[in-house]
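Worksheet: the structure to be examined is printed underneath.
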Amino acid sequence: MINKIKGQEDALKLLRKAIENERISQAYLFYGSDGVGKFTTALYFGMAVNCMATNELKPCGHCDSCHKFLQLEHPDFVYIFPTPNLNLSPEGEIKNSDALKMFQKYIENKVNTPWADFFFKDTIEIRKESITMLSKHFELSIHEARYRIVIVEDADMMTIATANAFLKTLEEPPERTIIILITERIQKLLPTILSRTQPIYFRPLTRSVIEEILTTEFEISAPIARTASRISAGNLKTAIRVASDSVSLSRNWAFEIFALAATKDDLGYLGLAKAYKDQQKKDQVIDLLKYIRIIASDLGALNANFEAEITNIDKIDDLKAMVENKSGIDDRLYDFLLFLEDLNRKIEGNVNLNLVMTNLYLNCKHLLNS
Ligand SMILES: [Zn+2]
Numbered sequence: 003m004i005n006k007i008k009g010q011e012d013a014l015k016l017l018r019k020a021i022e023n024e025r026i027s028q029a030y031l032f033y034g035s036d037g038v039g040k041f042t043t044a045l046y047f048g049m050a051v052n053c054m055a056t057n058e059l060k061p062c063g064h065c066d067s068c069h070k071f072l073q074l075e076h077p078d079f080v081y082i083f084p085t086p087n088l089n090l091s092p093e094g095e096i097k098n099s100d101a102l103k104m105f106q107k108y109i110e111n112k113v114n115t116p117w118a119d120f121f122f123k124d125t126i127e128i129r130k131e132s133i134t135m136l137s138k139h140f141e142l143s144i145h146e147a148r149y150r151i152v153i154v155e156d157a158d159m160m161t162i163a164t165a166n167a168f169l170k171t172l173e174e175p176p177e178r179t180i181i182i183l184i185t186e187r188i189q190k191l192l193p194t195i196l197s198r199t200q201p202i203y204f205r206p207l208t209r210s211v212i213e214e215i216l217t218t219e220f221e222i223s224a225p226i227a228r229t230a231s232r233i234s235a236g237n238l239k240t241a242i243r244v245a246s247d248s249v250s251l252s253r254n255w256a257f258e259i260f261a262l263a264a265t266k267d268d269l270g271y272l273g274l275a276k277a278y279k280d281q282q283k284k285d286q287v288i289d290l291l292k293y294i295r296i297i298a299s300d301l302g303a304l305n306a307n308f309e310a311e312i313t314n315i316d317k318i319d320d321l322k323a324m325v326e327n328k329s330g331i332d333d334r335l336y337d338f339l340l341f342l343e344d345l346n347r348k349i350e351g352n353v354n355l356n357l358v359m360t361n362l363y364l365n366c367k368h369l370l371n372s
């Protein structure tokens with residue numbers, strides 16, 4: 003199962019050694035950007051030290067213990083993450099039925115589609131009541147596991163009061179207990195917490211690792227996987243989102259804009275603007291610009307006869323048609339990319355999106371036709 007974690011060989015090596023030499027720390031800090039496998043590794047590590055398989059690479063993923071961990075319902079597993087106020091009791095019960103439903107939805111998402119972000123409606127933080135629940139848990143003896151496992155996700159999202167309460171549990175953890183903190187923002191953690199954990203860095207995933215995961219585990223076609231891996235900047239969650247249908251729409255949109263810009267079809271562009279009126283929202287336009295950037299780079303590469311560098315290999319014929327009988331695209335590309343960066347900043351600052359789109363079209367036209 004551990005082979006499912008890709009691109010984190012250094013982190014896995016450290017953890018494997020700790021198990022082999024029986025030198026497991028009481029508290030770890032897994033840090034690194036979002037969507038690179040920190041939670042999965044934490045969970046699998048907890049499973050590995052508790053796995054009941056005798057002759058397999060641990061965790062096996064199907065013994066009773068592994069099964070309970072995978073469902074996030076092992077009695078010796080405590081999972082803490084930022085939530086709205088759930089009125090959690092020290093025993094870990096949620097009495098309010100709406101709050102309970104919300105909590106269960108979160109867990110369901112985490113078990114079934116861990117790559118999809120889950121958004122609570124209200125503001126979230128790691129609450130003091132979660133730490134109270136944890137201390138209560140620590141007073142009890144371990145039910146059945148070899149090691150009790152605690153995962154604290156987004157550990158930086160504790161208020162000062164929560165962090166101080168947590169520090170007490172970290173100072174005197176009970177025996178046979180492993181606490182794993184996870185964060186994307188290590189600089190936000192209290193130094194007193196940092197100093198009590200063993201830090202393990204998780205690197206951004208390489209493009210080829212993301213491509214491999216998308217094609218083998220999500221059965222995404224090679225060209226889409228290739229584009230998604232380039233856009234995602236090492237974040238698997240983003241890559242999966244980009245590869246999903248809603249964003250392919252942005253990709254088509256971007257190609258249509260370039261096709262019209264190539265033939266200077268201004269009237270056609272007005273029609274297109276009308277057709278995509280509903281898509282013209284801040285987030286979608288930001289997605290669109292990512293595709294525009296990659297297609298522009300492809301056009302520049304084609305124009306300079308670097309066909310091997312093309313990302314959108316499935317659209318090679320369309321791209322070739324756009325650059326036919328044109329020259330100097332690779333020379334104008336740099337300015338165009340600067341323009342896109344500037345446009346991105348403007349969109350973040352709430353500029354009129356109609357103006358943005360018109361400006362974008364005109365600049366695409368200029369890129370392709372001197
Ligand atoms: Zn197992």
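Every position in the sequence shown, counted from 1, becomes a number in the working numbering once 2 is added. For every residue, glycine included, the Cβ atom is placed at its ideal position computed from N, Cα and C.
- Taking every protein chain shown into account, the CB of S231 has 16 or more other CB atoms within 10 angstroms, so this residue is buried.
- Inter-residue distance for F41 and K19 is about 19 Å (C-alpha atoms, whole angstroms).
- In terms of Cβ geometry, D158 and L191 form a close pair [threshold 7 Å].
- Spanning the alpha carbons of N346 and L291 requires a straight line of approximately 8 Å.
- Under the DSSP definition of a beta bridge, R347 lacks any partner.
- The beta carbon of A163 lies closer than 8 Å to those of K130 in the same chain, with the five residues before and after it left out.
- Ligand 1 has no heavy atom closer than 6 Å to the beta-carbon of P77.
- A direct Cα-Cα distance of roughly 55 Å separates L136 from K276.
- C62 has its CB nearer than 6 Å to a heavy atom of ligand 1.
- Per the coordinates, the alpha-carbon of L251 lies some 10 Å from the alpha-carbon of V244.
- Taking non-hydrogen atoms of ligand 1 into account, the C-beta of A50 is found less than 6 Å away from none of them.
- Among the bridge pairs identified by DSSP, V154 is matched with I82, L183.
- The alpha carbon of I153 has as its nearest neighbour, out of F47, E221, L88, S210, the alpha carbon of F47.
- Per DSSP, A298 is one residue of the alpha helix (DSSP H) stretching across 284 to 305.
- Around the beta carbon of P77, fewer than 16 other beta carbons lie within 10 angstroms, which makes this residue exposed.
- Annotation for A55 indicates a beta carbon within 6 Å of some heavy atom of ligand 1.
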